[in-house]
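**Student:**
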Amino acid sequence: MSQKSHPAGTVQRWTRTLIPTLRDAPAEATTPSHALLLRAGFMRQVAAGVYDYLPLAWRVLTKVTRIVREEMDATGASEMLMPALQPMELFEQTGRAEDYGDNLFRLRDRHGRETALGPTHEEVITDLLRTAITSYRQLPLILYQVQTKFRDEPRPRGGLLRGREFIMKDAYSFHLAVEGVGGLNEAYDAMYQAYSNIFRRCGLDFTVVEAESGPIGGSASHEFMVNCETGEDTILRCPESGYAANVEKCEIGERKWGFDRGAGTPSASLERVHTPDMPGIEGVAQFLGVTPDRMLKTIVFEAADAVTSGGVKWVLAVVRGDHEVNEGKVKAAIGFRAKLADEARAKQAGFAIGYVSPAVVQQTGLRPEDGVRVIIDPDAAQGNIAWATGADERDHHVRGFDWRREMGAILDDQRYVKVADIRNARAGDPSPRAPGSKLVEQRGIEVGHIFKLGTKYSDAMGLAVLDEGQQRRSVIMGCYGIGVSRTMAACVEMSHDAEGIIWPAAIAPYHILLTVMKPDDAAQIQAAQRLASDLGEAGLDVLIDDRDERPGVKFKDGDLIGLPVRLTVGDKALAAGGVEFKHRSEAGKGEVVPLGDAVARCVTAVRA
Ligand code: ATP
Ligand code: MG
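Using my numbering, the first residue of the sequence shown is number 522, and each one after it goes up by one.
See the structure below:
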């Protein structure tokens, strides 16, 4: 035993640690991981979205963190630790005091200084580096930390999946250039690989998806999603090309469109209908005797400022009634900053919010020349359909809307009207990468996010270094987050059965549950202790269930906490010189193996 190549494992007794299992899931538990982590004694709620991590959870978190650290260190990153308490002033310098809104935990210290509990650390690290580095010679640089973050989420949900206090690994990289050796892209690719390694090593089934593009454009951001039906996020995937993106980002392939009615398509007359107190598209459609995919939905956006928008004030985004407008795509299509219109302001300008039609641009003051633009999704730009839509008057709709008849030549004026992909993708849409192939939809849990920031923070806060030619250059940044506590929960979401959790060996709190049937029986306890110490020597972590409980209770709790292997020391097997061996993931009773083989069997099972 003297030539061990691995550190000894931990051996602990159930009666010497704290595992307060519960018979039933507390009523507030809404997802499997929430219920199971509470029932299995891994955590307790202290306040909404705030939890104690009990010893079993802490062991899992420690193992996840160890994997994260190994992979981060392998990219050349250095670990550090920044404070959770942050001066509000830093968030004001980047405008994020406003962007974060109520999600930012704010407090005031005894001197009246405004302070925030850090939701993330771009500001703090940029502030650090603007005085700590001066020259391009100090770049590239990657720094990371594992730390508690605070976000006052409007709806904390699913236990650790969306907490208000949670553990995150956040890394930040700093570069002089985007391309080339030492550039942002090189670090980004290394992080992409490290993240893939981390989630694979944690035993997770995941998909990497394209997410929101940053200022650099292209695929500047990726999310790592655990594949799981209970996930909050929608992922779209093209089975043909492998393209995958989140619903905010997903492009849609080529769609045919045209405003003119084809020869042979009968025309319908335009008809105004009184539609008082109709809640939503569904209700109106039903009342009008059409399906939502025969309705046009017009959402009004307002330009953030007239300078960047070149004088445009309002943008009408038109999609089919059964589709959702995608704000990011609208912004990309118009090319300037805009947001959903303030309802009061839009009404005052003349838009009957809730009843707007694209033809509203015929009205005085709302014409294209007055600064109104229309962006139409291809599926809505169909001349062959007699559409139902708003009548530009409260409580009124129209039936039989014909694009060409109602709008005329304006539709061809590309200064004012544009057809573009501005809606969320969904299953069945054409793939943007493989003609003929259709997108499929699946659910996921975002456990990691990598992002090319560019110079957003360095410009806002003045982080620059001197380059070879003694010129001051803004530092180019990337940021890379992993939800460590969410990863633990996501693993449980993905890997459990009716009886409890099924931990992958790499992050299981202990590898082996050693159940002693009669803990007051000297022979059994002695055999268990010898076995545990041999398993520990072999590098395995062992939890001995030495409780004075009925076997039924022990087996039930054992399945609940979900360690990969259960060894059971009982009279019958012991008399035959054996011990019962059972995989958590396999049903049935398990098999008796000779005591002398037990360690090898366990090592094989855990390292498999
Ligand atoms: P979400 O969209 O789920 O709110 P986010 O995109 O705002 O998350 P990031 O700012 O990208 O989150 O944070 C990095 C990582 O931290 C996320 O990928 C996620 O794993 C984790 N995380 C974010 N918010 C929470 C939370 N409230 N509870 C637990 N983990 C979180
Ligand atoms: Mg994110």
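All C-beta atoms, glycine included, are put in the ideal place defined by N, C-alpha and C.
Note that the structure is a prediction, hence the values are computed from the model and not measured.
#1: Using three-state DSSP, classify Val1124 as helix, strand or coil.
#2: Rounded to whole angstroms, what's the CA-CA distance from Ile1065 to Pro1030? Just pull it up for me.
#3: Just verifying my parser: in three-state terms, what is the DSSP assignment at Gly849?
#4: Pair every Cβ in the stretch 550-569 with every Cβ in the stretch 1005-1020, then say whether three or more of these pairs are closer than 8 Å.
#5: Does any heavy atom of the ligand MG sit closer than 8 Å to the C-beta of Ala732?
#6: Once the 5 residues before and after Ile737 are set aside, which same chain residues still bring their CB inside 6 Å of it?
#7: In whole angstroms, what separates the C-alpha of Thr615 from that of Asp980?
#8: If you draw a straight line from the C-alpha of Met609 to the C-alpha of Arg631, how long is it?
#9: So, helix, strand or coil for Asn767, using DSSP?
#10: Is the CB-CB distance between Tyr1001 and Ser694 below 9 Å?
#11: Please list the terminal residues of the continuous beta strand (DSSP E) segment that includes Gly969.
#12: Which two residues bound the contiguous beta strand (DSSP E) that contains Ala909?
#13: Rank Pro1115, Pro1085 and Gly1079 by C-alpha distance to the C-alpha of Lys1093 and give the top, closest one.
#14: Using DSSP's beta-bridge definition, name the partner residues of Phe727.
#15: Return no unless some Cβ of chain B is closer than 9 Å to the Cβ of Asp573.
#16: With respect to the beta strand (DSSP E) encompassing Tyr572, which residues constitute its N-terminal and C-terminal limits?
#17: Answer with buried or exposed for Asn767, where buried requires no fewer than 16 other C-beta atoms within 10 angstroms of its C-beta.
#18: Does the Cβ of Ala838 have 16 or more other Cβ atoms within 10 Å, making it buried, or fewer, making it exposed?
#19: Among Asp1062, Ser790 and Val938, which one has its Cα closest to the Cα of Pro899?
#20: Assign Ala1195 to buried or exposed, taking buried as 16 or more other Cβ atoms, counted over all protein chains shown, within 10 Å of its Cβ.
#21: Rounded to whole angstroms, what's the CA-CA distance from Ala708 to Leu664? Just pull it up for me.
#22: DSSP puts Ser742 in a beta bridge; with which residues?
#23: Report yes if the C-beta of Gly965 is less than 8 Å from at least one heavy atom of the ligand MG; otherwise report no.
#24: If contact is defined by three or more beta carbon pairs under 8 Å, each pair taking one atom from either stretch, is the stretch 1063-1079 in contact with the stretch 527-540?
**Tutor:** The answer reads as follows:
#1: Helix, per DSSP.
#2: For Ile1065 and Pro1030, the distance between alpha carbons rounds to 13 Å.
#3: If DSSP states are grouped into helix, strand and coil, Gly849 belongs with the helices.
#4: yes
#5: yes
#6: Legend: pLDDT at Ile737 = 49, less than 50; position of this residue unreliable, no value from coordinates given.
#7: 9 Å
#8: 15 Å
#9: strand
#10: Contact flag set, yes.
#11: Val961 to Gly975
#12: Trp908 to Gly911
#13: Considering only alpha carbons, the answer is Pro1115.
#14: Val747
#15: The structure shown contains no chain B, having only a single protein chain.
#16: Val571 to Tyr574
#17: buried
#18: buried
#19: The residue with the shortest Cα to Cα distance from Pro899 is Val938.
#20: Here the chain comprises residues numbered 522 to 1129, so residue 1195 is not present and cannot be evaluated.
#21: Spanning the two alpha carbons is a distance of roughly 12 Å.
#22: Phe972
#23: no
#24: yes
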